[in-house]
Amino acid sequence: MGPSRFGQLDACTKNAEASATRGPTGWQQELASNADENGKLSSAVALTRNFVKRNVVIIGAGPGGLATAMQLAAAGLNVTVLERRGQVGGRTSAIEADRFRFDLGPTFFLYPRVLREIFASVGRDLDTEVPMRRLETQYRLTFGQGGQIDASNDLEAMDRQIRQFAPADAGQLKRYLDDNRVKLARFRPILESPFSSPLDLLRPDVLRAFPLLHPLRSLGSELERYFSDPRMVIALSFQAKYLGMSPFRCPSLFSILSFLEYEYGVHHPIGGCAAVSERMAEIAQAMGVQIRLNQPVTGLQFSGRRVTGVQTENETIAADAIVINADFSAAMRDLVPNRLRRRWADKKLAGKKYSCSTFMMYLGVRGEIDGLAHHNIHIARDYQQNLRDIEIDHRLSDDPSFYVQNPGVTDPTLAPEGHRSLYVLVPVSHEHPNIDWAKETPRFRELTLDRLSQIGLPDLRDRIVYEKIVTPADWSGEHKIYRGATFNLAHNLGQMLHRRPQNRFEELDGVYLVGGGTHPGSGLPVIYESSRISSRLLLNDLGIDTSFIDAAAATSN
């Protein structure tokens, strides 16, 4: 299978200084050429010739940081991305070993519209740059209580399954999707705009959406308005896992998550979701962005409350603005003195609510895997108890729900011939004193392998030729995620909109946030949206035109 196509990044980085100074005969000329065809980019290219370039440092080469780098480079800024690890992507990176390749984190690619617009804003076509396949079977759901659903955007086929599975709920899926189509249309302006104060709740777009959001109703309760079978409620609310929350504690507005799957499909980028990050990094570098790997940031430079630069182990880099794409709570504790933080001081961070974590197994398996779909989700027999174990009692379930990706049915590039890559995810509590992962990992590994027999993998142990495990302790230690909460701050009403860390960070001047810890929240589509919101704010604050971003979004409406 060979090395990652982004394996030459170190070599590219050595040439980044020359790339960054090559002027309009390089990437700007390409943008100008594209603008001649579609008119989107002329203002941004013209501006690069009429002002002294400002310097922006982005901390973290995750999907939000890379998307921001592309947009800021398109506006003519000098952009440097500092990445602590030896590869790009953050949680959306790849594990490669023994010719197996696994996504480290996200495996579902949903709602490509946002990233498609970002690519268009810099003169690129997402579908050309990153080949993707829309899955006919979005995922297979199996229930410990009995029953199976192969989710599909073929609504007639879905209704036939529902008639057999839960006859009383036949015909309700269409009503649910129709209602959520209206909800998303009303809610999109909220997802696409910053929230800097409670007064933003009085904006006309928010007031128009409010009657549809039912903020005090849980997602589970919302689904019960449409479906009587508890399994159908779970089938259309388990997507709260993208936020790291129980559907029975998650606000009802997130019913749009399952709607997005059925309306826009579940996609698989060839090479995995990490391939998207890798291609974004290549494009950013072609635009002059310097991406420096193995460059942890050790601190920030301040003048009063304004950040003037970042400190690495070897140098101080001056910046007119910085963008933080690292885990929010961890970055605050590591980079910003506690005396400069009031709203987000260490004590207050410790008192916030955090998402669940995940126990991960990345398995290289000899032979074929029969009977599994690309995405497979098994729901515990007592789902409510499983959720209580995770979020309230902070203990390991004896009968956990779990997810298995079997990407070989779609993408043969991820394993050597005659083998398969299996990705296993078990939602578990974030780090808590109740669970000692050094002690529990071997036992929980065995329990997980036993549970995989429930979906048709009884002989897996004898076929494993490669294995890597990541626990909440690893997410916290190796990956610098506060409490190992892989989906960041929880998405309860007290931690959303203006109550979430703001895109233009409210406690420091010249600092902007992207990623799951800021508005709109966690999950790839909204992380990309956070990059667009923060890019607009940063450019506006520097007096730089953002019409090229807005024009790309307008053409897809």
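Taking full-length UniProt numbering, the leading residue of the sequence shown gets 1, the next gets one more, and so forth.
In this text, a Cβ means the ideal position worked out from N, Cα and C, and glycines have one as well.
Remember, it's a predicted structure, so these values are computed and weren't measured experimentally.
If you run the structure through DSSP and keep just helix, strand and coil, what is residue 578?
-> The requested residue 578 does not occur in the structure, where the chain is confined to residues 1 to 557.
Check whether the segment 383-398 touches the segment 322-338, taking contact to mean three or more Cβ pairs, one atom from each stretch, closer than 8 Å.
-> These segments do not touch.
Whole angstroms is fine: what's the gap from Gln502's alpha carbon to Leu508's?
-> Each residue's alpha carbon lies about 11 Å from the other.
Compare the C-alpha of Leu216 against each of Leu349, Leu493, Arg536 and name the closest.
-> Of Leu349, Leu493, Arg536, the residue nearest in Cα terms is Leu493.
Pairwise C-alpha distance: Ser258 and Gly272 | If you take the alpha carbons of Gly272 and Ser258, they lie about 21 Å apart.
Please classify Leu31: does DSSP put it in a helix, a strand, or coil?
-> Residue placement at Leu31 is poorly supported in this model, since its pLDDT is 47, which falls under 50; the coordinates still yield a value, given next. DSSP places Leu31 in helix when its eight states are reduced to three.
Please list the segments of the alpha helix (DSSP H) lying wholly inside the segment 351-401, counting only runs of 4 or more residues, in order along the chain.
-> Considered as a whole, the segment 351-401 harbours 383-388 as its complete alpha helix (DSSP H) runs of no fewer than 4 residues, in chain order.
8 Å contact criterion, which Ala485 and Gly89 should meet: CB distance rounded | About 19 Å separates the two Cβ atoms, so there is no contact after all.
Could you say if the segment 465-476 and the segment 361-376 meet the contact criterion of at least three C-beta pairs nearer than 8 Å?
-> Segment contact: the segment 465-476 against the segment 361-376, three or more CB-CB distances shorter than 8 Å; contact assigned.
Own chain partners of Thr25 with C-beta closer than 6 Å, once the 5 adjacent residues on each side are dropped | Residue placement at Thr25 cannot be trusted, given a pLDDT of 33 that sits under 50; what the coordinates show is reported in the next sentence. Nothing listed; no residue qualifies.
Pull up the distance between the alpha-carbon of Arg124 and that of Ala318, whole angstroms please.
-> So the two alpha carbons sit approximately 30 Å from each other.
Beta-carbon proximity list for Tyr403, same chain, < 6 Å, skipping 5 on both sides = Its chain contains Ile377, Leu425 as the residues whose beta carbon lies nearer than 6 Å to that of Tyr403, once the 5 sequence neighbours on both sides are disregarded; these appear in chain order.
What three-state label does DSSP hand Ile270 in the structure shown?
-> For Ile270, the three-state secondary structure derived from DSSP is coil.
Burial state of Leu31, where buried means 16 or more other Cβ atoms lie within 10 Å | Since pLDDT at Leu31 reaches only 47, below the 50 mark, its modelled position is unreliable, and no value is offered.
Distance between His491 and Glu313 (C-alpha atoms, nearest Å) | Rounded to whole angstroms, the separation of the alpha carbons of His491 and Glu313 is 35 Å.
Integer-rounded CB distance, given that Thr410 should sit under 8 Å from Arg101 | With a Cβ gap of about 13 Å, Arg101 and Thr410 do not count as contacting.
Check Ala94 in the structure and name its three-state DSSP category.
-> Residue state, collapsed to three classes: strand.
Which of the three DSSP states, helix, strand or coil, is assigned to Leu300?
-> Leu300: strand per DSSP, three-state reduction.
Whole angstroms is fine: what's the gap from Ile150's alpha carbon to Arg181's?
-> First, the residue type needs correcting, since residue 150 is Asp and not Ile in the sequence shown. Cα to Cα, the separation comes out at about 22 Å.
CB Val81 to CB Gly64, shorter than 8 Å?
-> No, Cβ-Cβ distance for Val81 and Gly64 is not below 8 Å.
Nearest CA to the CA of Tyr512: which residue from Tyr354, Ile324, Asn78, Arg381?
-> It is Ile324 whose Cα lies nearest to the Cα of Tyr512.
Answer with buried or exposed for Asn294, where buried requires no fewer than 16 other C-beta atoms within 10 angstroms of its C-beta.
-> Flag for Asn294 reads exposed.
Quick one: Cα of Trp27 to Cα of Gln285, how far?
-> Low confidence applies to Trp27: its pLDDT is 42, below 50, so where it sits in the model is not reliable, and the reading given next is rough at best. Their backbone Cα atoms lie some 10 Å apart in a straight line.
Can you tell which of Glu96, Gly76, Ala67, Asn78 has the C-alpha that lies nearest to the C-alpha of Gly421?
-> Going by the sequence as given, residue 421 is Ser instead of Gly. Comparing Cα-Cα distances from Ser421 to each of Glu96, Gly76, Ala67, Asn78, the minimum goes to Glu96.
What is the rounded straight-line gap between the Cα of Thr555 and the Cα of Asp154?
-> Rounded to the nearest whole angstrom, the C-alpha separation of Thr555 and Asp154 is 27 Å.
Determine, using beta carbons only, whether Tyr264 and Arg500 come nearer to each other than 8 Å.
-> Taking 8 Å as the Cβ cut-off, Tyr264 and Arg500 do not qualify as a contacting pair.
Alpha helix (DSSP H) segments (min. 4 residues) lying fully within the segment 133-201 = Here the runs fully enclosed are 155-165, 172-191.
What does Arg292 pair with, by DSSP beta-bridge criteria?
-> According to DSSP, Arg292 bridges with Leu82.
Residue nearest to Asp327 in terms of C-alpha spacing, selected from Ser193, Asp159, Ile481, Ser152 = When each option's Cα is compared against that of Asp327, the closest is Ile481.
Using DSSP bridges, identify the partner residues of Asn55.
-> Its beta-bridge partners are Asn78.
Proximity below 8 Å, CB of Tyr343 to CB of Glu506 = One point to set straight first is that residue 343 is Arg, not Tyr, in the sequence displayed. Cβ atoms of Arg343 and Glu506: closer than 8 Å.
Using the beta-carbon count (16 or more within 10 Å), is Gln87 buried or exposed?
-> The residue is buried, with at least 16 neighbouring Cβ atoms inside 10 Å.
May I ask you to list the residues that DSSP assigns as paired with Glu467?
-> Under DSSP, Glu467 forms a beta bridge with Leu363.
Do Asn488 and Ser277 have their C-beta atoms closer together than 8 Å?
-> No; because the gap between Cβ atoms is not below 8 Å, this pair is not in contact.
Run through DSSP, which three-state label would Ile455 get?
-> DSSP places Ile455 within a helical segment (H, G or I) once states are collapsed to three.
Compare the Cα-Cα distances from Thr298 to each of Arg84, Thr441, Leu538 and report the closest residue.
-> Each of Arg84, Thr441, Leu538 was checked against the Cα of Thr298, and the nearest Cα belongs to Arg84.
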